[in-house]
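Notes follow the structure.
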């Protein structure tokens with residue numbers, strides 16, 4: 006297991022902790038693969054009854070690793086995209102409750118993880134960043150998951166403005182289930198996992214399996230749409246300009 010993911014058990018609850026605080030727990034290929042592997046392992050392990058995902062430092066997850074993303078080209082893009090597909094499918098194919106302990110900022114792939122979780126506990130200062138439209142990319146999968154969990158008008162407002170969603174708003178619109186103080190977010194998520202672990206495992210598994218199937222019914226078409234629309238955006242050159250500026254600004258601050 007790479008150092009970028011810490012795994013521990015709290016009784017029947019498996020805790021996965023993203024551990025790349027120097028890059029706000031950004032998802033590189035190694036970390037994505039480790040998370041997918043551990044979720045599948047927890048799915049198969051009968052002693053595990055719930056999964057909690059959280060981050061170290063001041064972020065839950067800042068999304069894809071931009072240093073890795075900028076290295077992709079026409080020859081590597083397909084394989085790179087497959088790693089993201091494998092990552093999301095590990096959540097969709099898991100029939101045990103997944104709880105996101107959102108300890109800090111959550112953007113891009115971090116938002117995706119939270120959106121794929123069954124229950125979300127959020128630290129009061131944390132926020133979701135729905136900034137795709139500000140970085141030259143369309144919001145396809147993110148807007149789909151958001152729409153599934155809140156009203157369309159709210160989704161339109163958030164994704165077209167590319168704005169942050171603070172914890173109090175995330176709870177008010179029903180996207181987040183509980184907001185707690187930062188020091189309590191992991192503890193509360195584990196408590197919820199332990200509470201769910203007291204339920205009968207068969208109806209729990211079957212209920213989650215059915216809920217996942219609702220998403221999976223549209224997922225293949227959704228991924229094709231994401232590749233198509235994001236490919237069009239990339240060909241415009243706009244995302245590359247934004248990423249280059251971001252990385253240059255970050256390097257200048259060091």
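In my numbering, the protein residues as written are 6 to 259.
A virtual CB, placed ideally from N, CA and C, is assigned to each residue, including glycine.
Source: prediction; values computed, not measured.
Check	Outcome
With 16 other Cβ atoms within 10 Å as the buried cut-off, status of residue 246	exposed
Cβ neighbour criterion (16 or more within 10 Å) applied to residue 136	buried
Short Cβ contact (9 Å threshold) for residue 54 with residue 206	yes
Continuous alpha helix (DSSP H) stretch holding residue 159: start and end	157-166
Local conformation of residue 221 per DSSP, three classes	helix
C-alpha gap between residue 196 and residue 94, whole angstroms	26 Å
Top-ranked residue by Cα proximity to residue 212, from 99, 68, 120 and 57	99
Inter-residue CB distance, residue 8 and residue 24 (contact presumed, cutoff 8 Å)	6 Å
Contact set for residue 101: own chain, Cβ-Cβ below 8 Å, skip 5 residues either direction	47, 48, 53, 54, 55, 56, 209, 210 and 213
Assigned secondary structure, residue 22 (DSSP; H/G/I helix, E/B strand, else coil)	strand
Three CB pairs or more closer than 8 Å across the stretch 122-139 and the stretch 221-232	no
Exposure label - residue 118; buried when at least 16 CB within 10 Å	buried
Collapsed DSSP secondary structure at residue 139 in the structure displayed	helix
Residue 60 vs residue 109 beta-carbon contact at 9 Å	yes
Endpoints, the alpha helix (DSSP H) within which residue 116 is located	114-121
Test item: CB-CB of residue 21 and residue 58 under 9 Å	yes
Own chain residues within Cβ distance below 7 Å of residue 70, not counting five before or after	28, 31, 32 and 33
Sequence-distant residues of the same chain with beta carbon closer than 7 Å to residue 91, five excluded per side	41
Element boundaries [beta strand (DSSP E), containing residue 125]	124-128
Residue 152 and residue 115 closer than 9 Å at C-beta	no
Terminal residues of the beta strand (DSSP E) in which residue 103 lies	103-107
Buried/exposed call for residue 242, threshold 16 Cβ in 10 Å	exposed
Proximal residues to residue 190 (C-beta, below 6 Å), its chain only, five neighbours per side dropped	106, 108, 126 and 128
Run of the alpha helix (DSSP H) containing residue 34, from where it starts to where it stops	34-49
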